[in-house]
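Peer 1: Sharing a structure below in structure tokens format, with a few things to ask.
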Amino acid sequence: MAVPPLSISVRNVHIEYELYSDRRAAIAQRLITRTGTGRSVVRAVRGISFDVREGEAVGVIGSNGSGKSTLFSALAGLLAPARGQILVSGEPTLLGVGASLLPRASGYRNIRIGCLALGMSSQEIDARLPELIEFTELGEAIHRPLRTYSSGMRARLHFAIATSVEPKILLIDEGLAVGDRRFRRKSNQRIRGLLDKAGTLMMVTHSLGEIRHTCDRALWIEQGKLVADGEANDVVDAYTEASER
């Protein structure tokens with residue numbers, strides 16, 4: 029059987045950014061190089077390399093501050109590596125806690141604006157709106173301002189928008205653990221539909237059960253370095269064992 033083509037190729041990627049003295053608590057959690065009085069360079073990602081092929085579902089695990097979200101921002105094109113190379117086939121869609129939604133606009137209007145930003149025509153949006161609204165399970169709240177939503181409601185809305193165009197590459201930086209068990213199951217079914225069409229999924233989550241259930245492969249990152257890359261259950265087992273020491 030032919031090997032699927034690459035969706036993402038990461039080669040010896042280093043990502044750095046500056047922090048100043050009022051962020052000392054955060055700086056203490058990372059490897060620091062002093063660059064002058066009151067200023068530090070954080071080496072958030074250090075020499076990571078991996079490939080992801082079409083149709084793969086890859087989970088990314090690691091402790092807080094290990095560089096996972098920084099890596100995802102670079103994969104989405106929001107951060108430029110200091111060194112190394114990231115090649116992506118197509119334009120990734122990043123779904124995460126920092127997602128850009130309009131707090132004063134209603135959920136309904138956010139769906140329309142979000143779908144337009146993803147390249148859908150007004151006619152396509154009109155055709156998809158009923159299904160997207162139903163998927164969110166927001167009911168009448170869909171017409172309320174986004175600022176009145178809980179974090180879970182926001183996550184469900186953004187998940188519906190992000191998957192409305194069946195993105196070729198979907199990056200999830202918060203997992204699918206929003207809503208009740210039934211909604212999580214529905215979200216997983218939507219992801220499986222994406223993967224069946226040769227889409228690619230990478231997700232960061234602290235829910236190891238979610239990694240086992242959704243992903244067939246996992247990357248373990250600590251202190252900006254790739255510790256393990258392999259079958260999801262094996263990597264999760266190794267991470268769990270190390271965390272319990």
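So the sequence shown is residues 29 to 273, counted in this note's numbering. For glycine and all other residues, C-beta sits at the position ideal for the given N, C-alpha and C. A quick note: this is a predicted structure, and the numbers were derived from the prediction, not measured.
Please report the straight-line C-alpha distance between residue 34 and residue 41, rounded to a whole angstrom.
Peer 2: Residue mapping note: residue 34 aligns to position 6 of the sequence shown, counting from 1. Residue mapping note: residue 41 aligns to position 13 of the sequence shown, counting from 1. Answer to the nearest angstrom: the Cα atoms are 17 Å apart.
Peer 1: Relative to the C-alpha of residue 76, which candidate in 102, 82, 69, 85 has its C-alpha closest?
Peer 2: As a position in the sequence shown, residue 76 is number 48, starting the count at 1. Considering only alpha carbons, the answer is 102.
Peer 1: Counting pairs of Cβ atoms below 8 Å between the segment 238-254 and the segment 91-101, do you hit three or more?
Peer 2: These segments touch.
Peer 1: Taking the alpha helix (DSSP H) that residue 164 belongs to, which residues open and close that run?
Peer 2: In the sequence shown, counting from the first residue as 1, residue 164 sits at position 136. Segment 150-164, the alpha helix (DSSP H) holding residue 164.
Peer 1: Less than 8 Å separating the beta-carbons of residue 242 and residue 196?
Peer 2: Against the sequence shown, residue 242 aligns to sequence position 214. Against the sequence shown, residue 196 aligns to sequence position 168. No, the pair does not count as a contact, with Cβ atoms beyond the cut-off.
Peer 1: Please confirm if the segment 177-197 is in contact with the segment 138-150, defined as three or more CB-CB distances below 8 Å between the two stretches.
Peer 2: Counting Cβ pairs under 8 Å, three or more are found: they touch.
Peer 1: Check residue 222 in the structure and name its three-state DSSP category.
Peer 2: Position 194 of the sequence shown holds residue 222. It is helical.
Peer 1: Going straight from the alpha carbon of residue 262 to that of residue 137, what length do you get?
Peer 2: Taking the first residue of the sequence shown as 1, we reach residue 262 at position 234. Taking the first residue of the sequence shown as 1, we reach residue 137 at position 109. For residue 262 and residue 137, the distance between alpha carbons rounds to 43 Å.
Peer 1: What is the DSSP secondary structure of residue 96, reduced to helix, strand or coil?
Peer 2: Here residue 96 corresponds to residue number 68 of the sequence shown, with the count starting at 1. Correct three-state label for residue 96: helix.
Peer 1: Which residue comes first and which comes last in the alpha helix (DSSP H) that contains residue 228?
Peer 2: As a first step, residue 228 is located in the sequence shown; it is residue number 200 there, counting from the start. Taken as a continuous stretch (DSSP letters only), residue 228 belongs to no alpha helix (DSSP H), being part of the beta strand (DSSP E) at 228-232.
Peer 1: On the three-state DSSP scale, how would you describe residue 257?
Peer 2: Stepping through the sequence shown from its first residue, residue 257 is reached at position 229. Looking at residue 257 - three-state DSSP - the assignment turns out to be strand.
Peer 1: Taking its Cβ as the centre, do 16 or more other Cβ atoms sit within 10 Å of residue 272, making it buried, or is it exposed?
Peer 2: Here residue 272 corresponds to residue number 244 of the sequence shown, with the count starting at 1. The residue in question, residue 272, is exposed, as its Cβ has fewer than 16 Cβ neighbours within 10 Å.
Peer 1: Under a three-way DSSP split, which group does residue 132 fall into?
Peer 2: Translated into positions along the sequence shown, residue 132 becomes position 104. Here residue 132 sits in coil by DSSP.
Peer 1: Assuming residue 109 contacts residue 173 under a Cβ cut-off of 8 Å, what Cβ separation, rounded to an integer in Å, is found between them?
Peer 2: As a working mapping, residue 109 is identified with position 81 in the sequence shown. As a working mapping, residue 173 is identified with position 145 in the sequence shown. With a Cβ gap of about 38 Å, residue 109 and residue 173 do not count as contacting.
Peer 1: Which residue from 151, 232, 237 puts its Cα closest to that of residue 87?
Peer 2: For this step, residue 87 is matched to residue 59 along the sequence shown. Nearest of 151, 232, 237 to residue 87, Cα basis: 232.
Peer 1: Mapping the DSSP letters down to three states, classify residue 242 as helix, strand or coil.
Peer 2: Within the sequence shown, numbered from 1, the residue matching residue 242 stands at position 214. It is helical.
Peer 1: Could you give the C-beta distance for residue 244 and residue 260, rounded to a whole number, given that I count them as a contact under 8 Å?
Peer 2: Taking the first residue of the sequence shown as 1, we reach residue 244 at position 216. Taking the first residue of the sequence shown as 1, we reach residue 260 at position 232. About 6 Å separates the two Cβ atoms, so the contact holds.
Peer 1: Distance, Cα to Cα, residue 237 vs residue 47?
Peer 2: Here residue 237 corresponds to residue number 209 of the sequence shown, with the count starting at 1. Here residue 47 corresponds to residue number 19 of the sequence shown, with the count starting at 1. So the alpha carbons of these two residues sit roughly 34 Å apart.
Peer 1: Tell me the start and end of each unbroken alpha helix (DSSP H) in the segment 168-221 that is at least 4 residues and wholly inside, in chain order.
Peer 2: Complete alpha helix (DSSP H) runs here, min 4: 179-190.
Peer 1: My guess is that residue 117 and residue 79 are in contact by the Cβ rule of under 8 Å, so how many angstroms apart are they, rounded?
Peer 2: Translated into the one-based positions of the sequence shown, residue 117 becomes position 89. Translated into the one-based positions of the sequence shown, residue 79 becomes position 51. The pair is not a contact, with the Cβ atoms about 11 Å apart (cut-off 8 Å).
Peer 1: Sort 85, 68, 90, 31 by Cα distance to residue 255 and report the nearest one.
Peer 2: On the sequence shown, position 227 is the one that residue 255 refers to. Per the Cα distances, 90.
Peer 1: Leaving out the 5 sequence neighbours to the left and right, which residues in its chain are closer than 7 Å to residue 224 when beta-carbon positions are compared?
Peer 2: The residue you call residue 224 lines up with position 196 of the sequence shown. For residue 224, where only same-chain residues beyond five positions count, there are no Cβ hits under 7 Å.
Peer 1: On a Cα-Cα basis, can you pick out the residue from 258, 142, 268 that is closest to residue 85?
Peer 2: Position 57 of the sequence shown, counting from 1, holds the residue named residue 85. With distances taken between Cα atoms, residue 85 lies closest to 258.
Peer 1: Which residue's Cα is closest to the Cα of residue 113: 202, 230, 73, 182?
Peer 2: As a first step, residue 113 is located in the sequence shown; it is residue number 85 there, counting from the start. It is 73.
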